[in-house]
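Here's the structure, in structure tokens; my notes come after.
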Amino acid sequence: MAGDNLQVLNALDTVKTSYYHFTAVVIAGMGFFTDAYDLFCISLVTKLLGRIYYHIDGAAKPGTLPPNVSAAVNGVALCGTLAGQLFFGWLGDKMGRKRVYGMTLMLMVLCSVASGLSFGHNAKSVMTTLCFFRFWLGFGIGGDYPLSATIMSEYANKKTRGAFIAAVFAMQGFGILSGGVFAIIIASVFNNAYKAPTYAVDALASTVPEADYVWRIILMFGALPAALTYYWRMKMPETARYTALVAKNEKQAAADMSKVLQVEVQAEPEKVEQLKQNKSGQFGLFSKEFSRRHGLHLLGTTSTWFLLDIAYYSQNLFQKDIFSSVGWIPPAKTMNAIDEVYHIARAQTILACVSTVPGYWFTVFFIDRMGRFAIQLMGFFFMTVFMFALAIPYHHWTRPENNIGFIIMYGLTFFFANFGPNATTFVVPAEIFPARLRATCHGISAAAGKAGAIIGAFGFLYLAQNQDKAKADAGYPAGIGVKNSLIVLGFINLAGLLFTFLVPESKGKSLEEMSRENEDENPEAEERQNGGLPPV
């Protein structure tokens, strides 16, 4: 039964928080720092790419990326991430977390650098090579999701497990913030070194040749933090839960954990033999037993992450358009190319400081006090409220005297996304599935999220266009406008709230208790364990 755990697993659940736990957070978290930097820094430079590569002589406005190119540049990394989450999640369960962990990081480092070195003699070839390398960058990023979450969940004790997994994910906030800060620095340096008039004064001279270095440097910088942590990732031992429960080498698991957690753990070969002989705990992902035990749980984790990311990525990747629409970023023709990067980065940095980063760390502080379910429900609720509060009186918020109010409301939706489902959808799938399927199920849940992100990223490009085609961006059809797009996102958040009821609470419970690992196939016992309810 699940309660008769191996000593090494009981030791992991009850051991005091140690230096090694914090080291693991930093090692795994720097991967997520890089993930967020690489995924979101592209939104800082897409306007610049349009000015450099799609300038039209005599046009009233600066050049912009054509719709298909903009969609590809913004979305191709998300497509790679989706594929990487599925592939590396599956591979992490087959080969072990540690063996796969280094692959994802090295892929991220190489492709970050290669993205900045995108080459070609014309716009088409540069965009093609950029998209190629960003797809594979996303593929590496995708692997980091299930592996980092699973590794952290399997190392942590049950009292503070939620905080540690959330802390790994919270490094995303610093990645987004660092992207904005670094872009501000680079734009300021280049703006001072290479003076240029605004587009309205001299359209051609407003984009200096050196501007081509700006976007390349910003994209390449993401490789640095990942490269710095590669050695430490390779030094981490395999998680004890994988070694004991999947590889069935409990002696090695005990030795590894005795070393890193500095507690004495004895091997228990008799119990390992019992685990090997327990066939009820060997069901596969597509079996009836998995569907009976975890089918609704997987539906809950995939659906909530899918719905959350539609709203989250449509806001995050295209916040520069929202800032422009309410006048927070000056009209493009009143700035030169590098100055526009500066203003977009400044807006993103302010938003990250006041809402994104605090939201993540509120989750870290409260998740083991309030529980995952309560935080996720609260987050979706307030995201829905604030989205409708922005959308219904949208024209009120677009007046110049109300711009700051709009930004505050918009920032609150980000705060409750991060102090809410954006963090909990990452944490819960790493806690509720069996060890041999944990990374796979987390990868499936995360991939559902990225499918939502792709819909949000691609769809919002078109949906948010002005309803009058003459006022839409060049090359885009008429859309439903920003107001109606925000209303749609409000209903999506409401749906996320409802699907949250499929997700179980894992606060204070061991991973084996949540996954019912190694339980005998005994429906009556399961019914008693669920408080009289039939098992799901």
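Under UniProt numbering, the first residue of the sequence shown is numbered 1, with each subsequent residue one higher. Quick reminder that beta carbons are idealized off the backbone N, C-alpha and C, glycines included.
Check                                                                                                         : Outcome
Integer Cβ distance of T424 from I375, believed to fall under 8 Å                                             : 5 Å
Cβ contact check for the segment 35-54 and the segment 167-181: 3 or more pairs under 8 Å                     : yes
Cβ neighbour criterion (16 or more within 10 Å) applied to F22                                                : exposed
Own chain partners of A223 with C-beta closer than 7 Å, once the 5 adjacent residues on each side are dropped : V109, S112 and V113
7 Å Cβ shell around L65 - same chain, five flanking residues per side excluded                                : T46, L49, G50, Y54 and V73
The segment 242-261 in contact with the segment 375-392 per 3-pair CB rule at 8 Å                             : no
Assigned secondary structure, L228 (DSSP; H/G/I helix, E/B strand, else coil)                                 : helix
Unbroken alpha helix (DSSP H) run spanning V364, endpoints                                                    : V357 to M370
The alpha helix (DSSP H) enclosing I407, as first and last residue numbers                                    : N403 to N418
Nearest-angstrom Cα separation, counted from G102 out to G443                                                 : 17 Å
Neighbourhood of V428 by C-beta, 7 Å cutoff - its chain only, sequence neighbours within 5 removed            : T301, R372, V503 and S506
Continuous alpha helix (DSSP H) stretch holding Q348: start and end                                           : A337 to L351
C-beta contact flag for L308 and G496 at 7 Å                                                                  : yes
Start-to-end residues for the alpha helix (DSSP H) that takes in Y155                                         : A123 to Y155
Nearest-angstrom Cα separation, counted from G63 out to A345                                                  : 19 Å
CB of A196 within 7 Å of CB of R134, strictly                                                                 : no
Inter-residue Cα distance where the pair is A203 and A337                                                     : 10 Å
Extent of the continuous alpha helix (DSSP H) to which M106 belongs                                           : R97 to G116
Buried versus exposed call for A14 [16 or more other C-beta atoms within 10 Å across all chains shown]        : The sequence as given places Thr at residue 14; Ala does not occur at that position. Counting Cβ neighbours within 10 Å, T14 comes out exposed, since fewer than 16 surround it.
Nearest-angstrom Cβ-Cβ length linking M152 and V25, presumed shorter than 8 Å                                 : 7 Å
Member of T34, S515 and V8 whose CA lies at the smallest distance from the CA of Q282                         : S515
The alpha helix (DSSP H) enclosing C441, as first and last residue numbers                                    : R438 to L463
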